[in-house]
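Here's the structure, in structure tokens; my notes come after.
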Amino acid sequence: MSTDPASPLIRIRGLSKGYRRGDQVIPVLLDLDMDVAAGEFVALMGPSGSGKSTLLNLIAGIDKPSSGTIEIGGVDIAELSEGELADWRAANVGFVFQFYNLLPVLSAQDNVELPLLLTGLSSRQRAERARLVLGLVGLADRADHYPNELSGGQQQRVAIARALVSDPLLIVADEPTGDLDRVTGEEILGLLEQLVVEMGKTIVMVTHDPKAAARARRLVHLEKGVLVDEVGA
Amino acid sequence: MKGLPLAYILRNLWVRRVTTLLTALGMALVVYVFATVLMMSEGIRATLVATGQADNVIILRKGAGAEINSAVGRDQAGTIETLPGIASDALGRTMVSREPVVLINLPKRGSGKPSNVTVRGTSAVGGELRPQVRIGEGRMFRPGTSEIVAGSAVAAGFQGVGLGQTLRFAGRDWLVVGVLDAGRSGFDSEIWGDGEQMLQAFRRNAYSTVVLRLADAEGFEHIRKALEEDPRLSLEAKPERVFYAEQSEALATFIRLLGTALAVIFSIGAVVGAMITMFAAVAARTAEIGTLRALGFRRGAVLLAFLGESLLLAALGGVLGLAGASAMQAVDISTTNFQTFAELAFRFVLTPSIALQSMAFALAMGVVGGFIPAWRAARLEIAECLRAA
Numbered sequence: 007m008s009t010d011p012a013s014p015l016i017r018i019r020g021l022s023k024g025y026r027r028g029d030q031v032i033p034v035l036l037d038l039d040m041d042v043a044a045g046e047f048v049a050l051m052g053p054s055g056s057g058k059s060t061l062l063n064l065i066a067g068i069d070k071p072s073s074g075t076i077e078i079g080g081v082d083i084a085e086l087s088e089g090e091l092a093d094w095r096a097a098n099v100g101f102v103f104q105f106y107n108l109l110p111v112l113s114a115q116d117n118v119e120l121p122l123l124l125t126g127l128s129s130r131q132r133a134e135r136a137r138l139v140l141g142l143v144g145l146a147d148r149a150d151h152y153p154n155e156l157s158g159g160q161q162q163r164v165a166i167a168r169a170l171v172s173d174p175l176l177i178v179a180d181e182p183t184g185d186l187d188r189v190t191g192e193e194i195l196g197l198l199e200q201l202v203v204e205m206g207k208t209i210v211m212v213t214h215d216p217k218a219a220a221r222a223r224r225l226v227h228l229e230k231g232v233l234v235d236e237v238g239a
Numbered sequence: 211m212k213g214l215p216l217a218y219i220l221r222n223l224w225v226r227r228v229t230t231l232l233t234a235l236g237m238a239l240v241v242y243v244f245a246t247v248l249m250m251s252e253g254i255r256a257t258l259v260a261t262g263q264a265d266n267v268i269i270l271r272k273g274a275g276a277e278i279n280s281a282v283g284r285d286q287a288g289t290i291e292t293l294p295g296i297a298s299d300a301l302g303r304t305m306v307s308r309e310p311v312v313l314i315n316l317p318k319r320g321s322g323k324p325s326n327v328t329v330r331g332t333s334a335v336g337g338e339l340r341p342q343v344r345i346g347e348g349r350m351f352r353p354g355t356s357e358i359v360a361g362s363a364v365a366a367g368f369q370g371v372g373l374g375q376t377l378r379f380a381g382r383d384w385l386v387v388g389v390l391d392a393g394r395s396g397f398d399s400e401i402w403g404d405g406e407q408m409l410q411a412f413r414r415n416a417y418s419t420v421v422l423r424l425a426d427a428e429g430f431e432h433i434r435k436a437l438e439e440d441p442r443l444s445l446e447a448k449p450e451r452v453f454y455a456e457q458s459e460a461l462a463t464f465i466r467l468l469g470t471a472l473a474v475i476f477s478i479g480a481v482v483g484a485m486i487t488m489f490a491a492v493a494a495r496t497a498e499i500g501t502l503r504a505l506g507f508r509r510g511a512v513l514l515a516f517l518g519e520s521l522l523l524a525a526l527g528g529v530l531g532l533a534g535a536s537a538m539q540a541v542d543i544s545t546t547n548f549q550t551f552a553e554l555a556f557r558f559v560l561t562p563s564i565a566l567q568s569m570a571f572a573l574a575m576g577v578v579g580g581f582i583p584a585w586r587a588a589r590l591e592i593a594e595c596l597r598a599a
């Protein structure tokens, strides 16, 4: 993904999304415009049904808009075919989920290696890179552990390592602290901040938690599919 | 398209190992039935083919099909003996055996149910023509007497045919003086006695067949042509192996078709079982599917992963079913060959071809049972899957 320092990494224009229920179309996002600069840490907040998760899914390329454009690094991902979008996600997006979404039958090491299977790296290169990233999140000694042998915080660290391993410019995080206690949640947020500050990653995070949102550099508030407030832009 | 690692597929099967094993056992039962049916068919074929010798020729009445339907008159047998190209034994005897073949009814051991047994009248040369036949116990019958020898399967499977016992048929008492070991050929299911004594006892004036040994392999065509061109002889010659292969064809084909049809019907149950297992796997791993798709794995990779699981399940079922079927090779069984109307003892025979066909059948069940759930898994929308977490 090429990035021009002068233009934003994410450029959203006239974005609308509706879901069909029988004959009716239920609007979720309405004519939304938004930019996110490279290296920003953006928190999306809003009540349930405000459209924040839908917006995150659209930015991550796992859903298609009804209308509008989503340019990420100069590529309008709304125009990509399903296969192209899959390849684009593999190369450019790292995912962090509320419930970690690790594959329970794979060890921490294998979970982290998973996105690298979609690259041309050799088995040895994949293993080395996964070990390195597990070290970055402080879990080098847990590489052979399976998810059920790890605490919630450790599982989320593995998930962050998995999001990081293919070196994407963009990381999307959906309630990354939603299943963690306060102390562990703080540690995870610290780790995400570190990714932005030390590695220049761009993070878009959905959260209900104002304390978590406060760790972001910019807070975007959505209500009924419309961007109503921005802090720190 | 990049796929998911085999370790992922294997570990998913291992994680739900009880379900995996039960589903595989269902498939194994079907493969067991499928393989044993083919083994039974092959056993019949192998037994009857082993009955014939490569350089023996059997001569029957034209269109007779089986020995019991055939008649070869004494004068015809005499003419056959004069044909060129027939081998002689060490004693200088022409290697020709005139043989009456008759069915008698005997009660089976255990059940007491009657079944047909082939009685063959033969001679010392007849024995020489079948080198696979040896005397296992006792001795050979003496020419010109009412002595008989019983094939090992007849001695073991029927009442009153044990060594030293007297058997009554054709209005005479026949003393069993020996038990034949015919090397698992069809002769194990026969009773042999002196050919001329049999003709008299059964009040026949014609033999059923004439069996001869060729002096050389090319001799068959000469004999076949000579019989065809002689208007006095309404006879046909067949290589003995071809004749016995034909004897097995109807029964072997019937068993194969009936058994395959049964196995296919049973397989519906196993396929439904596999389908339920795989649908349950898809339902339990919806969030996992969404995660894999979000990470960039394409629909095809997800389809292949689930289809791979189903195929591995089927392969496990195939191996278990084949292992069970393989144990059947130790079992002796007998049935009536409805081409000869006589009881035939045989063993289940597992060949590489049957093993391959059985594994292919198992994998076909895996594909049929796994494809729809795998296709469904691949069609799921990522965002909906992730909401299921």
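Quick mapping for you: the protein sequence lines, in order, are chains C and H.
With this note's numbering as the guide, the letters of the first sequence map in order to residues 7 to 239.
With this note's numbering as the guide, the letters of the second sequence map in order to residues 211 to 599.
Note that beta-carbon positions come from the ideal geometry of N, C-alpha and C, so glycine has one too.
The structure presented is a predicted model; accordingly, all values stated were derived computationally and were not measured.
With 8 Å as the threshold, decide whether the Cβ of R589 of chain H is near any Cβ in chain C. Here residue 589 of chain H refers to the residue found at position 379 when the second sequence is read from its first residue. Output row for R589 of chain H: interface = no.
If you pair each beta-carbon of the segment 242-253 of chain H with each one of the segment 521-539 of chain H, do three or more pairs fall below 8 Å? yes
Let's test the definition: count the other Cβ atoms within 10 Å of the Cβ of I475 of chain H and tell me whether it reaches 16, buried, or not, exposed. Numbered from its first residue, the second sequence carries residue 475 of chain H at position 265. Burial state of I475 of chain H is exposed, judged by a 10 Å Cβ sphere holding fewer than 16 other Cβ atoms.
Tell me whether the beta-carbon of I177 of chain C lies closer than 8 Å to the beta-carbon of K207 of chain C. In the first sequence, the residue the question calls residue 177 of chain C occupies position 171. In the first sequence, the residue the question calls residue 207 of chain C occupies position 201. Yes; because the gap between Cβ atoms is below 8 Å, this pair is in contact.
Contact defined as beta carbons within less than 8 Å: I believe E229 of chain C pairs with P33 of chain C. What is the distance between those atoms, to the nearest angstrom? On the first sequence, position 223 is the one that residue 229 of chain C refers to. On the first sequence, position 27 is the one that residue 33 of chain C refers to. So it is not a contact: roughly 13 Å between Cβ atoms.
Starting from G469 of chain H, trace the alpha helix (DSSP H) in both directions and tell me its first and last residue. The count along the second sequence starts at 1 and reaches residue 469 of chain H at position 259. Element bounds for G469 of chain H: E450 to A494.
Taking CB distances under 8 Å as the criterion, tell me whether R27 of chain C reaches chain H. By 1-based counting over the first sequence, the position of residue 27 of chain C is 21. Closer than 8 Å: no.
Alpha helix (DSSP H) segments (min. 4 residues) lying fully within the segment 58-136 of chain C: 58-66, 88-98 and 114-119
So, helix, strand or coil for G388 of chain H, using DSSP? If you number the second sequence from 1, residue 388 of chain H lands on position 178. Here G388 of chain H sits in strand by DSSP.
Please tell me whether G337 of chain H and V329 of chain H are closer than 8 Å, where the distance is taken between their beta carbons. The count along the second sequence starts at 1 and reaches residue 337 of chain H at position 127. The count along the second sequence starts at 1 and reaches residue 329 of chain H at position 119. No, the Cβ-Cβ distance between G337 of chain H and V329 of chain H is not below 8 Å.
Could you tell me which residues DSSP puts in a beta bridge with V232 of chain C? As a first step, residue 232 of chain C must be located in the first sequence, where it is residue number 226. Bridge partners of V232 of chain C: C:E229.
Is the Cβ-Cβ distance between L201 of chain C and L170 of chain C less than 8 Å? Counting from one through the first sequence, the residue named residue 201 of chain C turns up at place 195. Counting from one through the first sequence, the residue named residue 170 of chain C turns up at place 164. Yes, the Cβ-Cβ distance between L201 of chain C and L170 of chain C is below 8 Å.
Within 8 Å (strictly less), CB to CB, does N222 of chain H reach chain C? Here the question's residue 222 of chain H lines up with position 12 in the second sequence. Cβ-Cβ to chain C under 8 Å: yes for N222 of chain H.
Given a threshold of 16 other Cβ atoms within 10 Å of its Cβ, counted over all protein chains shown, does L532 of chain H qualify as buried or as exposed? For the purposes of this step, residue 532 of chain H is taken as residue 322 along the second sequence, with counting starting at 1. L532 of chain H comes out buried.
Listed from N- to C-terminal order along the chain, which residues in the segment 483-501 of chain H have their beta-carbon within a distance smaller than 7 Å of any beta-carbon of chain C? A497, E498 and T501
Contact set between R586 of chain H and chain C, taken where Cβ atoms lie within less than 7 Å: Residue mapping note: residue 586 of chain H aligns to position 376 of the second sequence, counting from 1. Chain C residues near R586 of chain H: none, gap ~17 Å exceeds 7 Å.
Tell me, please, whether the CB atom of A154 of chain C is closer than 8 Å to any CB atom in chain H? Start at 1 with the first residue of the first sequence, and residue 154 of chain C comes out as number 148. Per the sequence shown, residue 154 of chain C should be read as Asn rather than Ala. No - not a single Cβ of chain H is within 8 Å of the one on N154 of chain C.
How about the segment 416-425 of chain H and the segment 290-305 of chain H: do they share at least three Cβ pairs that are nearer than 8 Å? At 8 Å Cβ cutoff, the stretches touch.
Using three-state DSSP, classify G429 of chain H as helix, strand or coil. Position 219 of the second sequence, counted from the first residue, corresponds to residue 429 of chain H. In this structure, G429 of chain H counts as helix in the three-state DSSP scheme.
Go ahead and pull the three-state DSSP assignment for V559 of chain H. As a working note, residue 559 of chain H is residue 349 in the second sequence. Coil.
Under 8 Å, CB to CB, which of the residues in the segment 23-47 of chain C have a partner in chain H? none
Please confirm whether F516 of chain H has its beta-carbon closer than 8 Å to some beta-carbon of chain C. As a working mapping, residue 516 of chain H is identified with position 306 in the second sequence. No, F516 of chain H lies away from the interface with chain C (no Cβ there is under 8 Å from its Cβ).
Rounded straight-line distance, which links the Cα of G500 of chain H to that of V81 of chain C: As a first step, residue 81 of chain C is located in the first sequence; it is residue number 75 there, counting from the start. As a first step, residue 500 of chain H is located in the second sequence; it is residue number 290 there, counting from the start. Between V81 of chain C and G500 of chain H, the alpha-carbon positions lie close to 23 Å from each other.
Using a Cβ-Cβ cut-off of 8 Å, state whether L120 of chain C counts as contacting chain H. Locating residue 120 of chain C in the first sequence gives position 114, counting from the first residue. Judged by the 8 Å Cβ criterion, L120 of chain C is in contact with chain H.
Any idea what DSSP makes of K23 of chain C, helix, strand or coil? Residue mapping note: residue 23 of chain C aligns to position 17 of the first sequence, counting from 1. Note: K23 of chain C maps to strand in three-state DSSP.
Touch test, the segment 278-297 of chain H against the segment 400-408 of chain H, Cβ-Cβ under 8 Å, three pairs minimum: no
Return the CA-CA distance between D29 of chain C and V492 of chain H, expressed in angstroms with no decimal places. Numbered from its first residue, the first sequence carries residue 29 of chain C at position 23. Numbered from its first residue, the second sequence carries residue 492 of chain H at position 282. Near 30 Å, if we compare the C-alpha coordinates of V492 of chain H and D29 of chain C.
For the alpha helix (DSSP H) containing G527 of chain H, list its first residue and its last residue. Taking the second sequence and counting its residues from 1, one reaches residue 527 of chain H at position 317. That run of the alpha helix (DSSP H) goes R509 to A537.
Against chain H, which members of the segment 65-84 of chain C pass a CB distance test of less than 8 Å? A66, I68 and D69
State the DSSP-derived secondary structure class of V200 of chain C, mapped to helix, strand or coil. As a first step, residue 200 of chain C is located in the first sequence; it is residue number 194 there, counting from the start. Per the sequence shown, residue 200 of chain C should be read as Gln rather than Val. If DSSP states are grouped into helix, strand and coil, Q200 of chain C belongs with the helices.
Output, in chain order, the set of chain C residues within a Cβ distance shorter than 7 Å of G506 of chain H. Sequence index remark: in the second sequence, residue 506 of chain H carries index 296 (1-based). What G506 of chain H touches in chain C: A92, D93, R95, A96, P121 and L124.
So, using beta-carbon positions, are L461 of chain H and I254 of chain H closer together than 8 Å? Position 251 of the second sequence, counting from 1, holds the residue named residue 461 of chain H. Position 44 of the second sequence, counting from 1, holds the residue named residue 254 of chain H. Contact flag set, yes.
L232 of chain H classed as buried or exposed, judged by whether at least 16 other C-beta atoms fall within 10 angstroms: On the second sequence, position 22 is the one that residue 232 of chain H refers to. Exposed.
Chain H residues whose Cβ lies nearer than 7 Å to that of V111 of chain C: Walking along the first sequence from the start, residue 111 of chain C turns up at place 105. Ordered by position in chain H, the residues that pass the 7 Å Cβ test against V111 of chain C are Y218, R221, N222 and V225.
Buried or exposed: K323 of chain H, going by 16 or more other Cβ atoms within 10 Å of its Cβ? Locating residue 323 of chain H in the second sequence gives position 113, counting from the first residue. Classification for K323 of chain H: exposed.
Kindly indicate which residue of H:G527, H:N222, H:L505 and H:G370 has the alpha-carbon position closest to the one of K318 of chain H. Locating residue 318 of chain H in the second sequence gives position 108, where the first residue counts as 1. Cα-wise, what sits closest to K318 of chain H is H:G370.
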